[in-house]
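Take 1 as the starting number for the sequence shown in UniProt numbering and just add one per residue.
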Amino acid sequence: MSASFSLSGRTVVVTGAARGLGAAFATGLAEAGADLVLVDRTEPAETAAAVISLGRRCRSYVADLAETPELAPLVDTIRREAGPIHVLVNNAGVARLEQFNEITPAGWREVMAVNAEAPFFLAQRVAEHMIADGIEGRIVNISSKNGLVAEAGLAHYNASKAALELITKSLAAELGPHGITCNAVAPGMIETPIADDFDVDLAGLFEAWRARIPLRGGFGRPEDCVGAVVYLASDAGRYVTGTTLLVDGGALADQLPRLRFLPPYRSSL
1 MSASFSLSGR TVVVTGAARG LGAAFATGLA EAGADLVLVD RTEPAETAAA
51 VISLGRRCRS YVADLAETPE LAPLVDTIRR EAGPIHVLVN NAGVARLEQF
101 NEITPAGWRE VMAVNAEAPF FLAQRVAEHM IADGIEGRIV NISSKNGLVA
151 EAGLAHYNAS KAALELITKS LAAELGPHGI TCNAVAPGMI ETPIADDFDV
201 DLAGLFEAWR ARIPLRGGFG RPEDCVGAVV YLASDAGRYV TGTTLLVDGG
251 ALADQLPRLR FLPPYRSSL
């Protein structure tokens with residue numbers, strides 16, 4: 001069974017690889033045997049060092065994924081310098097906490113460009129290279145629970161992740177005949193820096209979210225999402241396409257955190 005999850009001999013591109021989820025994905029994929037190509041708007045030096053320390057090859061590229069016309073040339077450069085691409089993990093994302101009347105056209109476009117346009121156009125070009133190279137590749141889009149339910153103050157982020165959900169299904173339908181799968185992983189409340197700049201009572205917000213998460217331990221860690229990505233990137237997920245794996249500790253499984261209002265657990269043994 002372990003061979004089914006091995007990524008030995010495969011090259012994986014991870015965007016947003018400098019920190020948070022992207023860094024965890026890169027090191028987890030390297031532990032599974034993959035060679036890595038890291039893309040971020042800042043140099044992902046620490047992530048690259050971690051990958052190399054695991055004995056895997058690694059290349060890094062600094063790019064602004066909001067610059068849509070530059071994405072196809074970026075993929076072409078990666079293919080030329082790093083060789084055939086077997087897996088693409090579209091992880092890079094931005095979030096802005098703004099009420100509906102505070103969102104500007106420029107702000108809307110930036111969020112949509114990074115969170116929805118970049119994954120599509122990167123996947124578009126990567127898939128063409130996969131087809132040309134005869135590779136039955138894997139595309140994994142990092143969506144969010146916000147692509148499935150809305151959250152106040154994040155209208156543009158919600159919309160971008162909802163778009164990514166249907167981009168995933170559309171690509172799965174079109175790339176399936178080429179043996180290429182496309183799936184999404186939707187993290188819930190994960191301890192990452194994405195909300196550090198939010199102008200909000202973070203302590204109160206996080207306390208409210210913790211009350212909504214049934215699974216013991218509350219918030220997840222970036223490492224909690226790695227297994228889902230490795231599974232979808234490997235032969236173990238060969239027959240899975242067009243689907244979303246929700247990694248949220250059960251937060252969206254419960255309409256209301258009613259459990260805290262019920263009597264304490266009593267064993268019936």
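The beta carbon of each residue, even a glycine, is placed where N, CA and C say it ideally should be.
query, result
"On the three-pair Cβ rule with 8 Å, is the stretch 203 to 220 touching the stretch 165 to 183?", "no"
"For the stretch 219 to 232 and the stretch 19 to 27, state whether three or more C-beta atom pairs, one from each stretch, are separated by less than 8 Å.", "yes"
"Within 10 angstroms of its Cβ, does V62 collect 16 or more other Cβ (buried), or is it exposed?", "exposed"
"For I142, which of helix, strand or coil comes out of DSSP?", "strand"
"Comparing C-alpha positions only, which one of C58, P119 and S143 sits nearest to V247?", "S143"
"Along the chain, where does the beta strand (DSSP E) containing T181 start, and where does it finish?", "T181 to P187"
"What residue from T168, N91, I78 and N115 has the CA that sits closest to residue 270's CA?", "Nothing about residue 270 can be reported from this structure: the residues present for the chain run from 1 to 269 only."
"Would you kindly work out how many angstroms separate the C-alpha atoms of L97 and H156, rounded to a whole number?", "9 Å"
"By the 10 Å Cβ neighbour count, where 16 or more other Cβ atoms means buried, how is N101 classified, buried or exposed?", "exposed"
"Look up N101 in the DSSP assignment and say whether it is helix, strand or coil.", "helix"
"For T172, which residues of its own chain have a beta-carbon under 6 Å away from its beta-carbon, when the five flanking residues on both sides are left out?", "The sequence given here has Ala at residue 172, not Thr. Around A172: C182, T241 and G242."
"Any idea what DSSP makes of V51, helix, strand or coil?", "helix"
"When the distance is taken between beta carbons, is V185 closer than 9 Å to L29?", "no"
"Quick one: measure Cβ to Cβ for A208 and L154, integer angstroms, because I've assumed they're closer than 8 Å.", "That pair is no contact at about 15 Å."
"Helix, strand or coil: which one does DSSP assign to S6?", "coil"
"State the CB to CB distance for the pair N141 and N90, rounded to an integer number of angstroms; the pair is presumed to be in contact (CB under 8 Å).", "5 Å"
"Quick one: using the 10 Å Cβ neighbour count with 16 as the cut-off for buried, is M1 buried or exposed?", "exposed"
"Would you report the Cα separation of P73 and L148, rounded to the nearest angstrom?", "32 Å"
"Out of curiosity, what's the CA-to-CA distance linking T245 and C58?", "One point to set straight first is that residue 245 is Leu, not Thr, in the sequence displayed. Spanning the two alpha carbons is a distance of roughly 27 Å."
"Buried or exposed: which applies to T47, given that a residue is buried once 16 or more other Cβ atoms fall within 10 Å of its Cβ?", "buried"
"Would a C-beta distance cut-off of 9 Å place L65 and E31 closer than the cut-off?", "no"
"What runs of the beta strand (DSSP E), each 3 residues or longer, lie entirely inside the stretch 49 to 133?", "58 to 62 and 87 to 90"
"In the DSSP assignment, find the beta strand (DSSP E) that holds T11 and state where it starts and stops.", "T11 to T15"
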